[in-house]
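S.K.: Below is one structure. I have some questions about it.
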Amino acid sequence: MTSRPIATTRSVMEVPTGRLAMWWVLASETVVFGGLLGSYVMMRLRHGAWADEAANTSTWAGAFNTLVLLTSSLSAVLAHQAAERGDGAKAARLLRYTMLGGVVFLLVKAFEWRHEIAEGFTITSGLFWSFYYTAAGLHAAHVLAGMIALFIVSRTAARSAELHRVENVGIYWHFVDVVWIFLFPLLYIAK
Amino acid sequence: MSGAAQPVHRDAGFIRTYLWSTDHKVIAMQYLFTGMLMALIGGFAVYVFRMQLAFPGESVPLFGRVSAGQYNALVTMHGTIMIFWVAMPVLLAAFGNFLIPLMLGCDDMVFPKVNRLSYQIFLLSAVVLVASFFVPGGAFGGAWTAYPPLSANATYNLTQHGATLWVVAVALEFVAFLLGGINFVTTAMNSRAPGMRMFDVPIVVWMIVIASILFMASVGPLIAGAVMLVFDQLLGTGFYDPGTGGDPILWQHLFWFFGHPEVYVVLLPAMGIVAEVIPVFSRKKLFGYRTIVYTAVATGVISFFVWAHHQFVAGIDPRMASLFTITTLIISVPIAEMVFCYIATLYGGSITLSTPMLWALAFVAEFLLGGVTGIFLGAAGADIYLHDTYFVLAHFHYTFFPIAIIGAFAGITFWFPKMFGRMMDERLGKIHFWVTIVAFNVIFIPLFLTGAAGDHRRIFDYSGFPDLATPGLQSLRITATMGLVALLAIQPVFVVNFIRSMVRGPIAEANPWRANTLEWSAASPPPHGNFAELPEVYRGPYEYSPEDRDEDFWPQHVPDVSPAEAAGIGGVR
Amino acid sequence: MNSRAHVDAPHPHQTNYVAIWAVLCVLLGVSVVGPMAGIRFLTLITAFGIAIVKAYLVCRHFMHLRIEKTWVVYILGFMLALMLVFFGGVAPDVLTHEGLQWRKTYVEPTAPGGER
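Protein chains in written order, with numbering that gives the first Met the number 0: chain A, 0 to 190; chain B, 0 to 572; chain C, 0 to 115.
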């Protein structure tokens, strides 16, 4: 296995390399979701009737999921705090709570979508629903990817190794949270 | 902290060394060879369809009769492959991977495993694209711009599987370059050698970093759009279907919001390569280093404000068209400034017309022609006539060919000694250069003329257009095709030169061109870990013909020693 | 390898993350209740205005942008600004219902039969 190159240990810009890379990841994800949600907003403004379609989404499921993600962000930042103090075991435990938040989020979404599909609102039921499933689906894919990353980082953190990664994976998770913070009113509330 | 290179590894097998390596130089070669291979496919595609245009209805040697559907697939694949699977991997990924750690004086990229992953995803994207040739219906035939409803609806494009594979391949390629770009930018920001300030970084590294950021910032909406397009193709959603309330113009905007910055994503690295070659073979300091950096950044920023000039006749709001005309004309200014800086570098220099220098000079001359013809297209009024004619095509080949071909050859011939430890043959190099350049102009000058005369793009057979099916125009088309045949026929000279030199060319020393940048202080080729001792930097990269010095170059890593100290008087530094 | 060695001491003002979370939850509650009043202006403020505030709090305090290098904030801000450019350049076309030589013929369907 290649050991870490000396390149990775330098930080001329005074931001640790892993964190700097994560900011660039966020920058590129911002424009992906920005493009999708910007297109949705334009379409939504063009089609006033979509408000009626959106009335069929479950505000409570959306709000509950928002609460879940906010809470998982809390555990993520507390994990970072623990990592800063060198407490790998605590950081790993808090990261697992964050993962649990992701699991709950996806479960709620699964139930939500199953209910909506059973009622006849599929991805081809209309353009609103196409956007609804695409946007929430893309977000859910990022939640899933985040959970995998959280799992991997929690494993090494439990051994008090690579603790700087706790902060970096946390930053990604907060981003996923922020995207949902905007998805919630866009898809659920604006009726 | 300068330290020794990595300890010697146990002897790794062929797979570990060449196929599964995390070494940035190996990954660079992987990108380079994949790009050059894909160029063969893209080149074959253009050969076939230009033969069809020159001799309509006749069987093309090595292909057969070209049907209308095949024609569409060939032009689509030519454009798609040359931009995404030749220009980007060669200019951005290969040169970026090879040069950035070496020029910055470090031992690898900051994330070597992510680097390897990015190539693997890229390779997968190439495989998916090539696979699309072999599925029922064949490769996608909806043009590289993939406008819906043609691209979304299989009953229109007749290449149902090819269309989806095309979108998937492009999406995978985007992911690969996002990963690679993050690696490049982070490495360039954080891993510079001690003493290397921001304005001591070689221009080509600046350019590749700016290009990577441009790519990152512009590709997002298109990724979103591609997801929507795939859903339209596969699931029957109607994102771009007016019948369901969608909007095909939305795709155009999503595409071109990326598509325009994309041309600067490939232009900037090519200009960076030229910026490295010209000072070395003029033995003169690069003129206006900071100007070049600032104008490159300005070009990048402005490039986000010009995209709808591709849509002047698509039915966009005419007020927006006026706006985009203004911004498009403005963007020619910073690029012109960069070219002026290069010309000013040449002025008064001690010029050596080596093969790399010939390519670099040809880039400046040919790109200039491409740039000025863009002015006509950028003006919405003129574009009403010129849009979708061969005038556009000739314009963008006068920009893309210098970028993807001339710039790439400049870089390859310049850094070949560093990459492979041997020198290329100058005579073969010059033969290849002259025939390529002459042939290139023989192809595209006639196409400016046919375009101005009204030749539409993407037409399989002009016999349906009585005004265009004239002997005069047809002879121009034939001339262009003959130019292409000559261009393709001379490329084996380069391949022979490349392979022969790689295997038994004269051994190259570390710094055969007597250049200043850090890569020339490493061995040729550099070992794993690059430098026996990681360098420190004392000055900028373009100190050629410095005053009060014997040598006409002053490498970045050589410590500052006054003549008195060099003579041993006074304390050693 | 710890390049933050010089910041090993706890942050000067230790953020109370739980307090921030509590504020976020309250804001969430307001943003759910607000639209129930049915007043469009109030819905916009509570749903979207609060979303902006919540995002700001998460970015500033959870992502620690408050103490991050300023240029990082500028990079992220630049990306957001680009999204505004995108919206500004595309919306005039997508939002238009008719032009000099064309008219939108798509008719919005009435709400599907299923009522909640």
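C-beta atoms are modelled at their ideal positions from N, C-alpha and C, and glycine is treated no differently.
1. Flag this pair as touching only if the region 476-493 of chain B and the region 419-438 of chain B have three or more C-beta atom pairs under 8 Å; answer yes or no.
2. Check the Cβ-Cβ distances between C/Trp101 and every residue of chain A, and say whether any is below 9 Å.
3. Is it a yes or a no for the region 315-335 of chain B touching the region 228-239 of chain B, going by three-plus beta-carbon pairs under 8 Å?
4. Between C/Gly28 and B/Phe395, what straight-line distance do the alpha-carbon atoms span, to the nearest angstrom?
5. Do we get a CB-CB distance below 9 Å when we pair B/Ile404 with the residues of chain F?
6. Give the single residue among B/Tyr155, B/Gln119, B/Trp165 whose Cα lies nearest to the Cα of B/Val134.
7. How would you list, in chain order, the residues of chain C whose beta-carbon sits under 8 Å from the beta-carbon of A/Gly33?
8. Taking 8 Å as the cut-off, does the region 46-64 of chain C touch the region 190-208 of chain B (at least 3 CB pairs, one atom from each stretch)?
9. Find the residues of chain A that neighbour C/Phe61, judging by a C-beta separation of less than 7 Å, and give them in chain order.
10. Just to confirm the assignment: which complete alpha helix (DSSP H) runs, minimum length 4, are found wholly within the region 19-45 of chain C?
11. Hey, would you say B/Gly370 sits closer than 9 Å to B/Ile506, going by beta carbons?
12. Indicate whether at least one CB of chain C lies closer than 9 Å to the CB of B/Ala307.
13. Applying a beta-carbon distance threshold of less than 8 Å, which residues of chain C neighbour B/Met319?
14. Any beta-carbon of chain C closer than 9 Å to the one on A/Ile188?
15. Cβ atoms of A/Met41 and C/Val89: under 9 Å apart, would you say?
16. Considering only the alpha carbon of each residue, which of A/Gly61, A/Tyr187, A/Leu93, A/Thr58 lies closest to A/Ser71?
17. Residue range of the alpha helix (DSSP H) that B/Met270 falls in?
18. Using the three-state DSSP reduction, which class does B/Phe552 fall into: helix, strand or coil?
19. Please go through the same chain and pick out, in chain order, the residues whose beta-carbon is closer than 8 Å to the beta-carbon of B/Asp424, but skip the five residues on each side of it.
20. Once you ignore the five residues that flank A/Ser153 on each side, which residues in its own chain have a CB closer than 7 Å to its CB?
21. Would B/Phe97 and B/Ala162 be called neighbours here (beta carbons separated by less than 9 Å)?
22. When the Cβ atoms of the region 244-257 of chain B are set against those of the region 203-220 of chain B, are three or more pairs found closer than 8 Å?
23. Cα-Cα, which of A/Tyr187, A/Glu161, A/Leu19, A/Ile5 is closest to A/Phe127?
24. Relative to the C-alpha of B/Ile430, which residue among B/His455, B/Ser462, B/Pro355 is closest?
25. Considering Cα atoms alone, identify which of B/Trp553, B/Val536, B/Phe400 is closest to B/Leu78.
26. Using 10 angstroms around the beta-carbon of B/Pro143, count the other beta-carbons present and answer buried if the total reaches 16, otherwise exposed.
27. So for B/His455, helix, strand or coil by DSSP?
28. Which same chain residues end up closer than 8 Å to B/Ala335 when comparing Cβ atoms and leaving out the 5 residues on each side of it in sequence?
29. Can you tell me which residues form a DSSP beta bridge with B/Tyr543?
30. Considering only the beta carbon of each residue, do B/Ala359 and B/Ile272 sit closer than 9 Å?
31. Just to confirm before moving on: does the CB-CB distance between B/Leu427 and B/Val338 stay below 9 Å?
32. Under 8 Å Cβ to Cβ from A/Gly85, same chain only, skipping five residues before and after it: list those, please.
33. Please list the partners that A/Leu93 has in chain C, where partner means a Cβ-to-Cβ separation under 8 Å.
34. How would you label B/Lys417, buried or exposed, when you count the other beta carbons within 10 angstroms and need 16 or more for buried?
35. Grab the span of the alpha helix (DSSP H) containing B/Ile222 for me, first residue to last.
36. For A/Val11, which three-state DSSP category applies?
M.R.: On the basis of the data shown:
1. yes
2. no
3. no
4. 55 Å
5. Looking for chain F here will not work: the only protein chains present are A, B and C.
6. B/Trp165
7. Met78, Leu79, Leu81, Met82, Phe85
8. no
9. Ser72, Val76, His173
10. 39-42
11. no
12. yes
13. Gly88, Pro91, Asp92
14. yes
15. yes
16. A/Leu93
17. 247-281
18. strand
19. Asn496, Arg499, Ser500, Gly504
20. Ala91, Leu94, Arg95
21. no
22. yes
23. A/Tyr187
24. B/Pro355
25. Here the sequence assigns Gly to residue 78 of chain B, which means Leu is not the residue at that position. That would be B/Phe400, whose Cα lies nearest to the Cα of B/Gly78.
26. Before going on, a small fix: residue 143 of chain B reads as Trp here, not Pro. Label assigned to B/Trp143: buried.
27. strand
28. Gly370
29. B/Phe552
30. yes
31. no
32. Ser159, Leu162
33. None at all; the shortest Cβ gap to chain C is about 11 Å.
34. buried
35. 202-233
36. coil
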